Amino acid sequence: MSRRHDPTKARRHWVYTREQVCLRFSVGDSTITNWIGRGLKPVDDKRPQLFAGYELRRFITSMRWPHGRLPESGRLFCSVCPGFKTLEPGSVNATPIGIACYKVTGTCLDCHNMLQARIQAHSLPEIYEASTNTPRESSDVICDGVSRAIGRSGAPVPTETTNFNLRVLQRYTVYLENHQNLDVRTVDEHLRSLARMSGFFEHKDFEKITIDDACNFKNALRSLCIGDVQGALSISTVSHTLDRCRAFIQWLQRQSDTKTHADLAGYFSLSRRERVIEANTVKGTNLTFDQALCIFSAMPMSNPIELRNRAIVAMFILTGIRIAALVTLRGKHVNIRTRWINQDPREVDTKFGKHIRTYCLDLGSGLWGALDEWDTWRNANGFGQDAAFFLPDRYIQSNALGFGYKGNCVEIAQCWKSEEPVHRIIKEAASVVGILNGSISSHDFRKVLHPFLAKRGEMTIKDEVALQLNFGHTPQEVIRKHYSSMQDNEREEILDELCRRALTSRSELDLYLAYERKEISETDADFRRAKEIFERNMYGRRENVQQTCLLK
223 MSRRHDPTKA
233 RRHWVYTREQ
243 VCLRFSVGDS
253 TITNWIGRGL
263 KPVDDKRPQL
273 FAGYELRRFI
283 TSMRWPHGRL
293 PESGRLFCSV
303 CPGFKTLEPG
313 SVNATPIGIA
323 CYKVTGTCLD
333 CHNMLQARIQ
343 AHSLPEIYEA
353 STNTPRESSD
363 VICDGVSRAI
373 GRSGAPVPTE
383 TTNFNLRVLQ
393 RYTVYLENHQ
403 NLDVRTVDEH
413 LRSLARMSGF
423 FEHKDFEKIT
433 IDDACNFKNA
443 LRSLCIGDVQ
453 GALSISTVSH
463 TLDRCRAFIQ
473 WLQRQSDTKT
483 HADLAGYFSL
493 SRRERVIEAN
503 TVKGTNLTFD
513 QALCIFSAMP
523 MSNPIELRNR
533 AIVAMFILTG
543 IRIAALVTLR
553 GKHVNIRTRW
563 INQDPREVDT
573 KFGKHIRTYC
583 LDLGSGLWGA
593 LDEWDTWRNA
603 NGFGQDAAFF
613 LPDRYIQSNA
623 LGFGYKGNCV
633 EIAQCWKSEE
643 PVHRIIKEAA
653 SVVGILNGSI
663 SSHDFRKVLH
673 PFLAKRGEMT
683 IKDEVALQLN
693 FGHTPQEVIR
703 KHYSSMQDNE
713 REEILDELCR
723 RALTSRSELD
733 LYLAYERKEI
743 SETDADFRRA
753 KEIFERNMYG
763 RRENVQQTCL
773 LK
């Protein structure tokens, strides 16, 4: 079997037909037959032949790395709950092989799967040291096309389930894709919610779920809404999980070959009071704009890696860009001279594959200077337009030959394969200054921009449209009718003026009086705005005088 097959192409919550496996891994039907002979287990002996996603991952991982993957920081790779996991204390067993090689086996701390790897003798102390500490969240395996943020929701991995359930899930997946016209991400969310439910019921047949089971599952989710504790769920997550389970039960009740209680679906709902609380909950962040600037200001810049990390935080504050797009940006997508970022969906991972033109806001505080310094360093060290804009560590860490683990002339610098390094950069930067105890995400920077500009900049409808277009949102129908044809140069002027209003400490009255008394010079940043305020009010005063004269 080719060692190039990527186990992450199979989503662990999905069920695939034989034809889908061939298309996903670009192999022939005879290869699937060979895989079955080498240990790949179908769901059952019926036709069409089905394969569980978690079983495909486990098989391809074991075939690609028969002796286990090399450890990372004392943790071994687990193919069941994809990621480098710490071994349970006391389960580590090291058997010498040769002179300086050991075969290490142990139990995964999360899913209790047996892990193994062949390592060098000098790495053995790290294995024992990591097993006595709390494991960190880390994984280089991500679902193909599915955000890493989804994987942190705590949905259990279905290590085993009944054949009946797997066939039902495959039919439900076809229903969601073909009849409900849902995209891959939404279907994956539905299947994750069902995996959580199936794990709670210990993978019993779906048609055997009772009303008591539904109530117990709902109460178990409620018990997880315990605030900011690690692993806690928000009321919104609980509501969405129950809604997806209820939709599945309603679909199951319409199938002729299954029988469930007629009122079962109704018990997968929160009470009216809980739904009111969920609807009134502000879907925002506790981060403020001043705190975001504090995080940026405290970041060091003594080496290229720190310079890059500082530029990443500056990019989030200036644009509110999504993390999936940021990690896939290349040099040709960022124009430092014009301050525009071209998020081309053919090369940049944008939401729903939209083409987004983003203008970097003028928010001062050295934010744009950090991006400019990083771009200057990239160009000075030979990283061109096709190289990743935010280079991974392996390209910029120092070594005996100078900067660059791999010369850019030999290989074009590739983008990160995961969002995890950027999440880690943000959390470490927030932890240094003690903001939100490090529990901060990239999306929090996106959420602070609109409230800050709306409150401090006295945002108008035109300003709102310009900002929403900058975020990549689609304005509402009435607004889109009048403002959606906004050109880039017009949007640039509107956003610059909005930022100037937000950053100034003088009100409109102060600027009006300052211009009237000639206390503000043309070199002042607020001179243009003060002149517009004065002329607007003077025009209104003249109209009032004319109307008064006509009445007399």
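In my numbering, each residue carries its 1-based index in the sequence shown increased by 222.
In this text, a Cβ means the ideal position worked out from N, Cα and C, and glycines have one as well.
As the structure is a prediction and not an experimental result, all values here were calculated from the model.
For residue j and residue i, believed in contact at Cβ under 8 Å, the rounded distance
i, j, result
"I527", "Q619", "7 Å"
"F273", "Y238", "5 Å"
"R173", "G275", "An answer regarding residue 173 cannot be provided, because it is not within the stretch 223 to 774 covered by the chain."
"Y581", "E714", "6 Å"
"R552", "A469", "The pair is not a contact, with the Cβ atoms about 40 Å apart (cut-off 8 Å)."
"I545", "S664", "4 Å"
"L443", "L464", "7 Å"
"V535", "I517", "6 Å"
"L583", "L540", "5 Å"
"V243", "L388", "Between L388 and V243 the Cβ distance is about 14 Å, and since that is not below 8 Å, they are no contact."
Backbone CA spacing between residue i and residue j [nearest angstrom]
i, j, result
"I683", "D597", "34 Å"
"D267", "I258", "12 Å"
"I716", "T329", "58 Å"
"S524", "S445", "46 Å"
"I457", "G421", "20 Å"
"R340", "T230", "22 Å"
"G694", "L725", "24 Å"
"N335", "K307", "10 Å"
"A533", "L589", "8 Å"
"I433", "T255", "42 Å"
"P673", "P288", "53 Å"
"A752", "A736", "8 Å"
"T696", "Q690", "7 Å"
"C467", "Q475", "12 Å"
"D479", "P270", "17 Å"
"D405", "A322", "50 Å"
"P614", "V670", "27 Å"
"L492", "E348", "46 Å"
"G624", "N601", "Confidence is the limiting factor: at G624 the pLDDT is only 49, short of 50, which leaves the residue's position unreliable and the question unanswerable from this model."
"E680", "F667", "20 Å"
"V556", "F538", "14 Å"
"F247", "H227", "7 Å"
"F605", "I634", "8 Å"
"E399", "I755", "55 Å"
"T381", "R260", "Residue placement at T381 is flagged as unreliable, the pLDDT there being 49, under the threshold of 50; a coordinate-derived value is accordingly withheld."
"S777", "S353", "Residue 777 lies beyond the residue range present for the chain, which begins at 223 and ends at 774; the question has no answer from this structure."
"D594", "K677", "29 Å"
"I364", "D710", "Low confidence applies here, because I364 scores a pLDDT of 30, under 50, leaving its location unreliable and the question unanswered by this model."
"L529", "F611", "13 Å"
Residues of its chain near residue i, where Cβ-Cβ distance is below 6 Å and the 5 sequence neighbours each way are ignored
i, result
"T327", "N315 and Q338"
"D366", "Low confidence applies here, because D366 scores a pLDDT of 33, under 50, leaving its location unreliable and the question unanswered by this model."
"Q607", "G553 and K554"
"R750", "none"
Own chain, CB closer than 8 Å to residue i, minus 5 neighbours either side, in chain order
i, result
"N531", "M521, I647 and A651"
"F423", "I431, D435 and F439"
"Y489", "I433, A436, C437 and K440"
"T395", "W236, V237, V409 and L413"
DSSP state of residue i mapped onto helix, strand, coil
i, result
"W257", "helix"
"P526", "helix"
"I372", "Residue placement at I372 is flagged as unreliable, the pLDDT there being 32, under the threshold of 50; the coordinate-derived value follows with that caveat. In the structure shown, I372 sits in a helix (DSSP, three-state: H, G or I)."
"E641", "coil"
"Q475", "helix"
"R233", "coil"
"I578", "strand"
"G624", "Residue placement at G624 is poorly supported in this model, since its pLDDT is 49, which falls under 50; the coordinates are not used for a value here."
"M760", "helix"
"R678", "helix"
"R497", "helix"
"K669", "helix"
"K325", "strand"
"P614", "coil"
"P347", "helix"
"G488", "helix"
"Q242", "helix"
7 Å Cβ shell around residue i - same chain, five flanking residues per side excluded
i, result
"L331", "K307, T308, L309, E310 and P357"
"F386", "D427"
C-beta neighbour in chain B for residue i, strict 8 Å
i, result
"I471", "Considering every chain present, this structure includes no chain B. It has just one protein chain."
Quiz item: Which full runs of the alpha helix (DSSP H) of 4+ residues lie inside the region 400-464, going along the chain?
Solution: For the region 400-464, whole alpha helix (DSSP H) runs of length 4 or above, ordered along the chain, are 406-422 and 433-445.
Practice problem: Report the residue ranges of all beta strand (DSSP E) runs contained in full by the region 512-568; include only those spanning at least 3 residues, in chain order. | Solution: Taking 3 residues as the minimum length, the beta strand (DSSP E) runs contained wholly in the region 512-568 are 562-565, in order along the chain.
Quiz item: Which residue spans inside the region 268-299 form an unbroken beta strand (DSSP E) run of at least 3?
Solution: Listed in chain order, the complete beta strand (DSSP E) runs (minimum 3 residues) inside the region 268-299 are 272-274.
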